[in-house]
Structure formats: C-alpha cells, structure tokens
Amino acid sequence: MKAGGGPRLTQGPIGQSIRSLMLPMMIGMIALISYNIADTWFVGQIGTMELAAISFTFPVAFIVGAITMGFGIGTSSVAARLFGADKREEVERVTLHAILLGVFTGVCVVLLGVSTIDPVFRLLGANDTTLPIIREYMSIYYWGGVFMVMPMITNSVLRASGDAKTPAKLMTTAAVINIALDPILIFGMFGLPELGVRGAAIATVLANALTMVASIGVVYFRDKLISFSGLNPKLIFDSWRRILHVGIPSITSSLIAPMTTAFITYQVAQFGQEAVAGFGIASRLEGLSLLALMALSAATTPFVGQNYGARQYQRVEDGLHWCYRFSLIYGVAVAAILAVSSGYIAELFTDSQAAIDTATLHMRIVPISYLALGAAMTVNGSFN
0 MKAGGGPRLT
10 QGPIGQSIRS
20 LMLPMMIGMI
30 ALISYNIADT
40 WFVGQIGTME
50 LAAISFTFPV
60 AFIVGAITMG
70 FGIGTSSVAA
80 RLFGADKREE
90 VERVTLHAIL
100 LGVFTGVCVV
110 LLGVSTIDPV
120 FRLLGANDTT
130 LPIIREYMSI
140 YYWGGVFMVM
150 PMITNSVLRA
160 SGDAKTPAKL
170 MTTAAVINIA
180 LDPILIFGMF
190 GLPELGVRGA
200 AIATVLANAL
210 TMVASIGVVY
220 FRDKLISFSG
230 LNPKLIFDSW
240 RRILHVGIPS
250 ITSSLIAPMT
260 TAFITYQVAQ
270 FGQEAVAGFG
280 IASRLEGLSL
290 LALMALSAAT
300 TPFVGQNYGA
310 RQYQRVEDGL
320 HWCYRFSLIY
330 GVAVAAILAV
340 SSGYIAELFT
350 DSQAAIDTAT
360 LHMRIVPISY
370 LALGAAMTVN
380 GSFN
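Residue numbers (numbering that gives the first Met the number 0): 0 to 383.
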C-alpha cells in the first residue's frame, strides 16, 4: 500500500528518506515561525510596551502549542505504524477520532484560556500598563483554539503517510496570509480601522482557520483518509487511548520548555517591561534558529514508526545515527552565527537599548546548548 499521498519510508537511502520529510517540514516551520516573527516586528513598530505585552503571551502560546503538538505526535505515531503495517482502514478510523479529539481540545483551550487571562499574566509579571494590551490580544487568540489544534492533527496524519510536502504548502500559505493581514489590520489600511495588537490576533486566527479547512479537505477529499464508519464510542475512546499513550508523555516533556520560559519571563519582568520585550525578541529568534532541529525531530517520528511497524530495526538504528551527526554539525554552526549577529538582528525590532541588550545577551549564551539539544530532540522523536 502506498501510504496516503506520500512515499513509503521503509525503502531507499536512509538520508534521502529523512530529508524527504525534513526539508518540507523545515519550509513549513519557517513559514510558521516567520509569521510569529512578523507579528513581533509589526507590534514592535507600535511601541515598546506593546512589544512587551505580546512577549508576555509567548510562554502561554508555547504551552498551547506543546499540547497541540503532543496530540499531533500521538496521532502521527499511531498512524505511521498503521501505514507501515498496511492497515489503511484503521488509519481512516483513527484520523476521524483524532479530529474529534482536536475539537474537544480546542473547546477546552477556549473555555480555560479566556477565563484565566488576568490571573495567569499577573503571575507572569505583567503590570497595569501591559495587562490591558495582553487582554486585547489573548481574548481573540484563545477563541481560535480549535483552529490551532486541528491543522496540527491533520498535518500529522499526512506526514505519517510520508507526505511532508502538503503540510509545508499549507503552513506556508497560512504564513503568507497572516503576514499580509498583519499590517492591514494592525495599522488600518484600505479603509479598515486601526486595530493594534487586536489586529495581530485576528490575522493569526483567520490564517489558522483557513489552514484548518484546507488541511481537512486534503485529508478527506484527496487522500480519503477519513472514514465515518468508526463513529462508535468504544472505538473512539480506544483510538484516543492509543493517541494519548504517546501524546501525553510527549506533552509532558514538551511542556518543560514553555514552563521554563514562563518562569524566566517572570524573572526577567523584575528588571522591567522593556527587558521582557527583549526576551520576547530573543525567543522568536531562538525559534527560528531551532527550526531544523524541530523538523529533524518531527521527521524522526514517522520514519521510525513506519520502519518499526515493518520490523526493520537496523534501518531505525542507522537512521538515528544519521540524525545525531546532522544535529551536532547544525548546532555548532548556529551557535557561531548567533554569537556574532544577534545584536544586529535585535536592533531591527526595537530602538529600546534595554530590550536590545537583553536579546543580545540571551542569544550569545543559550545557543551553546544546541550542541546537545538536537540529539535529545531526535531521541524524543524516536520514542514517540
């Protein structure tokens, strides 16, 4: 059976198989991170306090992202093993059940998020100047909860089938839409009112909504990977159990980074809101610098899943060795580049010297850890 719309990962040169997943994922992740950076840049043009406010939202957005990514990884793991074992009917059933899980999770994000904006961001160190701005942004951002979760799940199914190009195209399209809408909605163009940070939130929600519709359309109409024959509560909960068996440990490990970021944000806030703005810039630059390692980790899951399902254990081991070598070389290169250029990049986002100094210091020290981070991310991806 050809897996969905992509090639089997149990055949051909190992490096080529991993790159066939990794490179399109990198394109998609560049697109995803690019509109996060665009949001940061456009909001930074409004003012330093607006930039600080949007920076306070990063840890919370990372937490939501870690949860949605965990469900995506769980779905990818289950689907990849089923693809590897030639069990297409089960794939179709699990895909539907994963989508239902995504709807449930998205609703939970909306209800919990909207009701906890003030206490959560007070806890992170927001003051009376930045909290109203945060409230404007997050009250819109949270309502797009379902739109955030669903594309992660459907794209994970496509990647599990070996098709990494379609998710990359969808994510790139979403980024283009978001970046195009940002200045129009933030600054008020073409007769539209100036919405400020609310415009940035609306642009993100609209882009995610369009991506959700498109990704479900691809999975259902093109690849026919959704079957409604499995609408049985017993089967649904069984699929959820299998997805969460991988997803919950993944979420737990993925939450370490955003929870740490939240704690650091609180500590940085003690030095002033401008320092938080600088930390926000550094966080966005860090996300961009890590995209290859994130793509490598994401590619490891379907590669290992399909080969494990096909009982090709030596191919799994050889693939992991390839990933370790790549991550070490990449980590050294990125750490060296950021040590030299981080200060110049930070100046593009703000004219606040305190923010620039904070971002520069962060990006000269933290990237040293990338030398080991890539191997750790590869191991996590393989366990999934």
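The beta-carbon is built from N, C-alpha and C at its ideal position, and this holds for glycine as well.
Check                                                                                                                                                                                       : Outcome
Does ALA371 come out as helix, strand or coil in the three-state DSSP assignment?                                                                                                           : helix
Beta-carbon within less than 6 angstroms of GLU135's beta-carbon, same chain only, minus the 5 sequence neighbours each way: which residues are those?                                      : VAL196 and ARG197
Using CA coordinates, which residue listed in GLY279, LEU295 and ALA338 is at the minimum distance from ALA353?                                                                             : GLY279
Span of the alpha helix (DSSP H) holding THR408?                                                                                                                                            : Given a span of 0 to 383 for the chain in the structure shown, any question on residue 408 remains unanswerable.
What does the alpha-carbon distance come out to for the pair SER249 and MET258?                                                                                                             : 14 angstroms
Tell me which residues share the same chain as ILE178 and place their Cβ nearer than 6 angstroms to its Cβ, disregarding the 5 neighbours each side in the sequence.                        : TYR34 and ALA37
Counting C-beta neighbours from all protein chains within 10 Å, is the total for SER114 16 or more, i.e. buried, or is it exposed?                                                          : exposed
Any idea what DSSP makes of SER160, helix, strand or coil?                                                                                                                                  : coil
Between the region 196–215 and the region 65–75, can you find at least three pairs of beta-carbon atoms closer than 8 angstroms?                                                            : no
Please report the distance separating the alpha-carbon of MET0 from that of PRO150.                                                                                                         : Bear in mind that the predicted position of MET0 carries a pLDDT of just 44, short of 50, making it too unreliable to give a figure here.
If you run the structure through DSSP and keep just helix, strand and coil, what is ASP222?                                                                                                 : coil
Is it buried or exposed for GLY190, if we count other Cβ within 10 angstroms and need 16 for buried?                                                                                        : exposed
Pick from ILE116, ALA163 and ILE225: whose alpha carbon is nearest that of LEU295?                                                                                                          : ALA163
Given a threshold of 16 other Cβ atoms within 10 Å of its Cβ, counted over all protein chains shown, does MET21 qualify as buried or as exposed?                                            : buried
What distance in whole Å lies between the Cβ atoms of THR357 and ALA274, which are believed to be in contact at a cut-off of 8 angstroms?                                                   : 5 angstroms
Taking the C-alpha atoms as reference points, what is the distance between LEU111 and ILE13?                                                                                                : 43 angstroms
Could you give the residue range of the alpha helix (DSSP H) that holds THR359?                                                                                                             : 352–364
Which stretch, first to last residue, makes up the alpha helix (DSSP H) that contains PRO58?                                                                                                : 47–83
May I have the straight-line CA-CA distance separating LEU370 from ASN126, to the nearest angstrom?                                                                                         : 37 angstroms
Quick check on the burial criterion: 16 or more other C-beta atoms within 10 angstroms. Buried or exposed for LEU319?                                                                       : buried
Kindly list the residues whose CB is nearer than 7 angstroms to the CB of THR377, restricted to its own chain and excluding five residues on each side of it in sequence; keep chain order. : LEU295, SER296, THR299, LEU319, CYS322, TYR323 and SER326
Under 8 angstroms between the Cβ atoms of VAL218 and THR153?                                                                                                                                : yes
Going by DSSP in three states, LYS233 sits in which element: helix, strand or coil?                                                                                                         : helix
How about the region 336–343 and the region 361–369: do they share at least three Cβ pairs that are nearer than 8 angstroms?                                                                : yes
Alpha carbon to alpha carbon, how far is VAL90 from PHE82?                                                                                                                                  : 7 angstroms
What is the rounded straight-line gap between the Cα of VAL333 and the Cα of ILE45?                                                                                                         : 30 angstroms
Mind checking HIS96: buried by the 16 CB within 10 Å criterion, or exposed?                                                                                                                 : buried
In angstroms, rounded to a whole number, what distance separates the CA positions of VAL148 and ALA345?                                                                                     : 31 angstroms
Ends of the alpha helix (DSSP H) at GLY308?                                                                                                                                                 : 290–308
What did DSSP end up calling LYS168 once you bin it into helix, strand or coil?                                                                                                             : helix
Whose C-alpha, out of ALA291, GLU49, PHE146 and ARG221, is nearest the C-alpha of THR165?                                                                                                   : ARG221
Between the Cα of ILE355 and the Cα atoms of LEU284, GLN15 and GLY124, which residue gives the shortest distance?                                                                           : LEU284
Verify the contact flag: SER19, CB atom, against every heavy atom of the ligand GTP, threshold strictly below 7 angstroms.                                                                  : In terms of ligand content, the structure shown is empty, and the ligand GTP therefore cannot be addressed.
I'd like to know whether the C-beta atoms of ILE139 and VAL42 end up nearer to each other than 8 angstroms.                                                                                 : no
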